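My numbering applies: residue 76 is where the sequence shown begins, and numbers increase by one. The beta carbon of each residue, even a glycine, is placed where N, CA and C say it ideally should be. From a predicted model like this one, the values you see are computed outputs, not experimental measurements.
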Amino acid sequence: MIRHGESVLLDTTAIIEAHRQGIWKPLVNGFRLATVEKCIEEVDTGNLVAGERLEIDTGRLRREMMVYQVDDATMAEAVLSSEGKLQILHDGEKELLAYATNVSGIFYISSQDRACVRVGAKMGLLDRFVSLEEMAEAVGRKRLPLP
């Protein structure tokens, strides 16, 4: 079970949903959050919720979480370790899972996309995945409202 203060890699869907659910600030205060550059780009260009744009300040995101770059060699290694399955994901998810393969220590990954979780499992990362609900509960938010 995830604990307050632990590191969590968030994909685009997790960042957008945390904002939509109104739990972003508690997550920022409760965990060491990180993502990859491509996820920040996706938040900036494709964050439609129910057909409406959800305004998220990507400059503020960069101040509130670590944002990592993923090089070509890391991506190539990740594609091989996923047996090519990484290619079915959105670019941000690809980069996030590629980055995750080189992280050591205790960390978690949060994604709202089942395909990302399935590919992550193929890459040996299944035990790293955590839901936004689990994260919210760890910082004192009991239950997320239904969409």
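In this structure, LEU207 places its C-beta atom within 9 angstroms of the C-beta atom of ALA93.
Inter-residue distance for VAL205 and ILE181 is about 12 angstroms (C-alpha atoms, whole angstroms). In its chain, beyond the 5 residues on either side, LEU172, ALA175, THR176 and ILE184 have a beta carbon closer than 8 angstroms to the beta carbon of LEU200. If you draw a 10 Å sphere on the C-beta of MET141, you find fewer than 16 other C-beta atoms in it, and that means exposed. Here THR110 is near LEU85, since their CB atoms are less than 9 angstroms apart. For VAL142, DSSP records a beta bridge to THR110. Look at LEU172 here: in three-state DSSP terms it is helix. Only residues of its own chain outside the window of five on either side were considered, and among them GLY105, PHE106 and ARG107 have a CB closer than 8 angstroms to the CB of GLY80, listed in chain order. Of the residues assessed, LYS169 falls on the buried side of the cut-off, its CB having 16 or more other CB atoms within 10 angstroms.
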